[in-house]
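J.:
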Amino acid sequence: MPYDSYYSHINVFRIGIHIHLYNFYLYNEFVKFLMDFPAQFDLIITITDCKIKKLVENLFNKNTLRNLCTLLVKLVPNRGRDVAPWLIYTKEEQHHYDLFCHVHSKVSSYLDFGNEWRQYLLNKLLNKSHVVHILNMFSQNDVGMVFPDVFYKLKKLCIDNNIKQEGEFGEIYIINDLVKKMGIGRKLNRSDIFFSEGT
């Protein structure tokens, strides 16, 4: 694909990026990716410790991140892992954007590959070449959501331990009830199940 065509849709979208920075010490991984982010974006960072607010504002700024437009740092309760800060505490901001990206300082210390898993997810979502690809995908297709394939070590863990994709505790029934409430006229089946493990 020609260079001009490949980059033609970079600044068409209003982009919001949400980072739930529970594990503050990982800030540098996000700064590194966002320094090269190829489109203009607003950044919303949720934190659970008020003492780091000033520090976060000093680290994530327009001097460091060339395509950053605005920064909002929000203090949120330490509840709901990364999902509540994303779906509840940035809910008011999300309607300002065409595209909204959610990432978080995932550690998953209960697994011996937690750091690899986080780096895989961040690379697939924030790496410059992947971002360009994602933006072009949204501009040329009817796409609702983009997320990486399941990390290969997690996939192997699930297969080796016979962990079902549809859940262990009847989650498929909850999902089908939600699908019905959304007005989708059919139940999900196993071949439909593909989701963002690790959010």
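Per our numbering, the very first residue in the sequence shown carries number 2; after that it's consecutive. C-beta atoms are modelled at their ideal positions from N, C-alpha and C, and glycine is treated no differently.
1. Is it true that the region 167-182 meets the region 133-141, where meeting means three or more beta-carbon pairs spaced less than 8 Å apart?
2. What residue from Asp143, Lys92, Arg119 has the CA that sits closest to Pro22's CA?
3. Going by DSSP, what residues sit across from Leu44 in a beta bridge?
4. Who pairs with Arg105 in a beta bridge, going by DSSP?
5. From the DSSP output, which residues share a beta bridge with Leu100?
6. Go ahead and label Leu44 buried or exposed: buried means 16 or more other beta carbons lie within 10 angstroms of its beta carbon, across all protein chains shown.
7. Between the region 58-66 and the region 86-97, do at least 3 Cβ pairs fall closer than 8 Å?
8. Residues in its own chain within less than 6 Å of Phe195 by CB, not counting five upstream and five downstream?
9. Closer than 6 Å by C-beta to Asp99: which residues in its own chain qualify, once you throw out the five before and the five after it? Chain order, please.
10. Would you call Glu93 buried or exposed, if buried means 16 or more other Cβ atoms sit within 10 Å of its Cβ?
11. Could you check if Arg187 is buried or exposed, using at least 16 other CB atoms within 10 Å of its CB as the buried criterion?
T.: With the given structure in hand:
1. no
2. Taking the first residue of the sequence shown as 1, we reach residue 22 at position 21. A small fix is needed here, since residue 22 is Leu in this sequence, not Pro. Nearest option by C-alpha distance: Arg119.
3. Position 43 of the sequence shown, counted from the start, is the residue given in the question as residue 44. Beta-bridge pairing links Leu44 to Ile18, Leu72.
4. Locating residue 105 in the sequence shown gives position 104, counting from the first residue. This sequence places His at residue 105; Arg is not what is there. In DSSP, His105 forms a bridge with His21.
5. For this step, residue 100 is matched to residue 99 along the sequence shown. Paired residue(s): Ile16.
6. Stepping through the sequence shown from its first residue, residue 44 is reached at position 43. Under this definition Leu44 is a buried residue.
7. no
8. Counting from 1 along the sequence shown, the entry for residue 195 is found at position 194. Cβ within range, chain order: n/a, list empty.
9. What you label residue 99 is simply residue 98 of the sequence shown in a count that begins at 1. Excluding residues within five positions, the ones whose Cβ falls inside 6 Å are Phe14, Arg15.
10. Numbered from its first residue, the sequence shown carries residue 93 at position 92. Exposed: under 16 other Cβ atoms inside 10 Å.
11. As a first step, residue 187 is located in the sequence shown; it is residue number 186 there, counting from the start. With fewer than 16 other Cβ atoms within 10 Å, it is exposed.
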